[in-house]
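Going down the list, the protein sequences come from chains A and B. Take 35 as the starting number for the first sequence in our numbering and just add one per residue. Take 35 as the starting number for the second sequence in our numbering and just add one per residue. Quick reminder that beta carbons are idealized off the backbone N, C-alpha and C, glycines included. Predicted model only: the values in this text are computed from it and were never measured. Everything below concerns the one structure shown next.
Protein chains: 2
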Amino acid sequence: MGLDDRKLAVLRAIVEDYVSTQEPVGSKALVERHQLGVSPATVRNDMAVLEEEGYIRQPHTSAGRVPTDRGYRLFVDRLSRVKPLSPAERRAIERFLVGAVDLDDVVHRTVRLLAQLTRQVAVVQYPSLARSSVRHLELVPISTTRLMLVMIADTGRVEQRLVELPGPVPADDVTDLRRLINEKLANARLSETPPLVQALVEEAPTGLRPTMTTLATVLLETLVERHEERIALAGTANLTRGGLLDFQGSLRPILEALEEEVVLLKLIGETEPSTTRVLIGDENEFDNLRAASVVSTGYGPGTTIVGGLGVLGPTRMDYPGNIATVRAVARYVGELLAQN
Amino acid sequence: MGLDDRKLAVLRAIVEDYVSTQEPVGSKALVERHQLGVSPATVRNDMAVLEEEGYIRQPHTSAGRVPTDRGYRLFVDRLSRVKPLSPAERRAIERFLVGAVDLDDVVHRTVRLLAQLTRQVAVVQYPSLARSSVRHLELVPISTTRLMLVMIADTGRVEQRLVELPGPVPADDVTDLRRLINEKLANARLSETPPLVQALVEEAPTGLRPTMTTLATVLLETLVERHEERIALAGTANLTRGGLLDFQGSLRPILEALEEEVVLLKLIGETEPSTTRVLIGDENEFDNLRAASVVSTGYGPGTTIVGGLGVLGPTRMDYPGNIATVRAVARYVGELLAQN
DNA sequence: ACTGGCACTCGCTACAGTCGAGTGCCAGGA
DNA sequence: TCCTGGCACTCGACTGTAGCGAGTGCCAGT
Numbered sequence: 035m036g037l038d039d040r041k042l043a044v045l046r047a048i049v050e051d052y053v054s055t056q057e058p059v060g061s062k063a064l065v066e067r068h069q070l071g072v073s074p075a076t077v078r079n080d081m082a083v084l085e086e087e088g089y090i091r092q093p094h095t096s097a098g099r100v101p102t103d104r105g106y107r108l109f110v111d112r113l114s115r116v117k118p119l120s121p122a123e124r125r126a127i128e129r130f131l132v133g134a135v136d137l138d139d140v141v142h143r144t145v146r147l148l149a150q151l152t153r154q155v156a157v158v159q160y161p162s163l164a165r166s167s168v169r170h171l172e173l174v175p176i177s178t179t180r181l182m183l184v185m186i187a188d189t190g191r192v193e194q195r196l197v198e199l200p201g202p203v204p205a206d207d208v209t210d211l212r213r214l215i216n217e218k219l220a221n222a223r224l225s226e227t228p229p230l231v232q233a234l235v236e237e238a239p240t241g242l243r244p245t246m247t248t249l250a251t252v253l254l255e256t257l258v259e260r261h262e263e264r265i266a267l268a269g270t271a272n273l274t275r276g277g278l279l280d281f282q283g284s285l286r287p288i289l290e291a292l293e294e295e296v297v298l299l300k301l302i303g304e305t306e307p308s309t310t311r312v313l314i315g316d317e318n319e320f321d322n323l324r325a326a327s328v329v330s331t332g333y334g335p336g337t338t339i340v341g342g343l344g345v346l347g348p349t350r351m352d353y354p355g356n357i358a359t360v361r362a363v364a365r366y367v368g369e370l371l372a373q374n
Numbered sequence: 035m036g037l038d039d040r041k042l043a044v045l046r047a048i049v050e051d052y053v054s055t056q057e058p059v060g061s062k063a064l065v066e067r068h069q070l071g072v073s074p075a076t077v078r079n080d081m082a083v084l085e086e087e088g089y090i091r092q093p094h095t096s097a098g099r100v101p102t103d104r105g106y107r108l109f110v111d112r113l114s115r116v117k118p119l120s121p122a123e124r125r126a127i128e129r130f131l132v133g134a135v136d137l138d139d140v141v142h143r144t145v146r147l148l149a150q151l152t153r154q155v156a157v158v159q160y161p162s163l164a165r166s167s168v169r170h171l172e173l174v175p176i177s178t179t180r181l182m183l184v185m186i187a188d189t190g191r192v193e194q195r196l197v198e199l200p201g202p203v204p205a206d207d208v209t210d211l212r213r214l215i216n217e218k219l220a221n222a223r224l225s226e227t228p229p230l231v232q233a234l235v236e237e238a239p240t241g242l243r244p245t246m247t248t249l250a251t252v253l254l255e256t257l258v259e260r261h262e263e264r265i266a267l268a269g270t271a272n273l274t275r276g277g278l279l280d281f282q283g284s285l286r287p288i289l290e291a292l293e294e295e296v297v298l299l300k301l302i303g304e305t306e307p308s309t310t311r312v313l314i315g316d317e318n319e320f321d322n323l324r325a326a327s328v329v330s331t332g333y334g335p336g337t338t339i340v341g342g343l344g345v346l347g348p349t350r351m352d353y354p355g356n357i358a359t360v361r362a363v364a365r366y367v368g369e370l371l372a373q374n
């Protein structure tokens, strides 16, 4: 089980070569391209050990070696340093994110930026409502029996719901309702609103009771309980790079998985600690994504986290580079959010 | 140049067979599967004529015939009747669209529904701001020097912009600004707002002048001039049906095109008359989409059109079926919008 | 412990041969 | 005049064979 330094160096070399050439790498090519200071035969012996331990494998008997998911895992954990971003990349990030007019714009720019920099599929979760606070709730009369309820979160996210009222409500009442609701809910974390909303209904003047009840129902059901998460996606065309070699020739399962918001949320949304997460191959829970890896992290203003973002690509991806980019972008987005 | 009835019948049969089998169709198979009442030899003669006229072609010398874009065009224009929807499909549409909580929800449900029914890529344009009227403009104070401007359109679409004010503005002033703006702009078509906004600035009391100017700028620049169009997409995984036969093996160009909102808007957004539009193969203006066809139509409450929706797939698609589905879905969505 | 040498494996490519679906053409018949 | 059966032909798809070469495992020697 001893993996001495040289064997690790061999594994690192295999990963790096395979990632860049996309072809199984043999012992001879390895010693030519890296300063290992030993002969191909020695490397072969090391390779045999690495294969026994499950870090690499041979596609066919007479071919070179390819890293396994386990090999990538070891590489990511112990053999790679996060690449510093080039100044050009830093500038690209700043240039790209400056001038966004609203949250939608920020998210769209971010996801395209990520896709472009990493040349992978990029995923950005909108700031989660569950982790947001209410900044303001607005009631806009649409007709006498209809209101539009607009919620503005501190993250800049805006959600609206059409509310069918039990009966006609005069303008003055709407003003009162608006005041009551905001007094009670403004600055409350959305996850802590249920008791507050309950109190709102109970404390409401009799005249406003039915309307308030309706509003409370909509508020709780569509904004709190079924906490509406949103996702932006970009760069699916990047899946076709590397011909049909990655994803063993069928994009089908990948594209299907990418259409499911639930799947994407699980992939990038569950970043508990503020660290970068790397899921390699079948480490993720979805069969459709066995051949894919995900690099993701949380983002948010300051040290809090309000959502996740990341990239998805073939297991054969540039982990150090992608990790660096994902982190950097998350940091910039966080700063941008903090400014608002 | 005479295309008698039988030749047209042969073309129709070729299109139908090729669409369902995805394989070049030969003269013998044709007479077996269709009641043409003539021998294969006769069919071959007809095929030769059809090929001369450019309606069909042979992938290789010793293969059957395949319709050309021109052949599909003739088929769509003269040889097919729009398939009536099955009751199951009608029910699916109703079931799918009931219970949408807001416009976002309507659009998302619609696009998924379309993708599912047609098994193609579905595209839905959000109700265009250019064709909407202002229902209400709300100003929400974020801090003393920041407002959030929320615009609610009659189509249910809600847009918000963060506005950096030139100086602190007291709450009473915000109330005044809100009143002034709504008095002037409520119910105005967005395309007709520029002179109204201009007037707003000119008529504003001196104290509110600078703030009003800032608001006017944001309003015009981000909501009117650069009229923000939005698009929802679903069913990209359907592109992989039919293996790699459609799109000659490379999804790349298609996926790239689908990432460009501008492209999608041109494909489905320019539906001037209220009729269904079919773009076959290179009839569309994008090189990337040479191998694709688009079926699209406009939708909106009543007879007005506020946006477009449609499906995109291989030229080898079920035109009559897709046309019927696209129309039906557009009609249902229109009714749904009319209710709000 | 590393190295050079050697036999071996096996996927890839090229090539030849066969098969068969499909065609174009033509002469004969309604 | 139009349709039909017959026939020779084309050419892609598939199969089998052979040679090549990258890469390996093993072993004896340093």
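8 Å Cβ cutoff, residue i in contact with chain B
i        : result
A:Ile186 : yes
A:Met182 : yes
A:Leu285 : yes
A:Thr227 : no
A:Leu289 : yes
A:Ala362 : no
A:Arg46  : no
A:Thr270 : yes
A:His170 : yes
Where residue i falls: helix, strand or coil (DSSP)
i        : result
B:Thr331 : strand
A:Arg169 : strand
B:Gly315 : helix
A:Gln159 : strand
A:Ile302 : helix
A:Pro74  : helix
A:Pro348 : strand
B:Met35  : Legend: pLDDT at B:Met35 = 48, less than 50; position of this residue unreliable, no value from coordinates given.
B:Val145 : helix
A:Leu131 : helix
Minimum Cβ-Cβ distance from residue i to chain A less than 8 Å
i        : result
B:Gln194 : yes
B:Ala382 : The displayed coordinates of chain B run from 35 to 374. Any statement about residue 382 of chain B would go beyond what the structure contains.
B:Leu301 : no
B:Glu263 : no
Check: residue i C-beta below 7 Å from any heavy atom of the ligand GDP
i        : result
A:Glu172 : What this structure holds is no ligand at all, so the ligand GDP is not there to describe.
Through-space distance from residue j to residue i, alpha-carbon basis
i        : j        : result
B:Asp210 : B:Ala362 : 46 Å
A:Ala47  : A:Met351 : 14 Å
B:Thr270 : B:Arg146 : 11 Å
A:Ala326 : A:Gly347 : 5 Å
B:Gly88  : B:Arg104 : 7 Å
B:Val208 : A:Val329 : 45 Å
B:Val72  : B:Leu131 : 48 Å
B:Arg153 : A:Asn216 : 46 Å
B:Ala43  : A:Arg324 : 48 Å
B:Met185 : B:Leu299 : 22 Å
B:Ala381 : B:Ser120 : Past the boundaries of the shown model lies residue 381 of chain B; chain B is included only from 35 to 374, so the question cannot be answered.
B:Glu293 : A:Ala268 : 7 Å
B:Asp248 : B:Ala238 : According to the sequence shown, residue 248 of chain B is Thr rather than Asp. About 12 Å.
A:Leu253 : B:Leu181 : 23 Å
A:Pro74  : A:Ser61  : 5 Å
Residue i - partner residues in DSSP beta bridges
i        : result
B:Arg223 : B:Ser167
B:Pro101 : B:Ile90
A:Pro343 : At residue 343 of chain A the sequence reads Leu, which differs from the Pro that was named. A:Leu343 is bridged to A:Val158 and A:Thr331.
A:Val184 : A:Glu172 and A:Gln194
B:Ser177 : B:Arg180
B:Asp137 : Residue identity differs from the one stated: residue 137 of chain B is Leu in this sequence, not Asp. Looking at the DSSP assignment, B:Leu137 forms no beta bridge with any residue, so it has no partner.
A:Val59  : A:Arg99
A:Ile265 : A:Gln159
>> Counting beta carbon pairs with one atom in the region 328-343 of chain A and one in the region 363-373 of chain A, are three or more of them shorter than 8 Å?
In response: yes
> Are three or more beta carbon pairs between the region 233-244 of chain A and the region 258-268 of chain B nearer than 8 Å?
Replying inline: No: the two stretches stay apart, fewer than three of their Cβ pairs being nearer than 8 Å.
>> Count Cβ pairs between the region 130-141 of chain A and the region 152-165 of chain A that sit closer than 8 Å; are there 3 or more?
In response: yes
>> Taking contact to mean 3 or more Cβ pairs, one atom from each stretch, closer than 8 Å, check whether the region 162-179 of chain A and the region 189-198 of chain A are in contact.
In response: yes
> Does the count of Cβ pairs from the region 111-118 of chain A and the region 94-103 of chain A closer than 8 Å reach three?
Replying inline: The count of Cβ pairs closer than 8 Å, one atom from the region 111-118 of chain A and one from the region 94-103 of chain A, stays below three, leaving the stretches out of contact.
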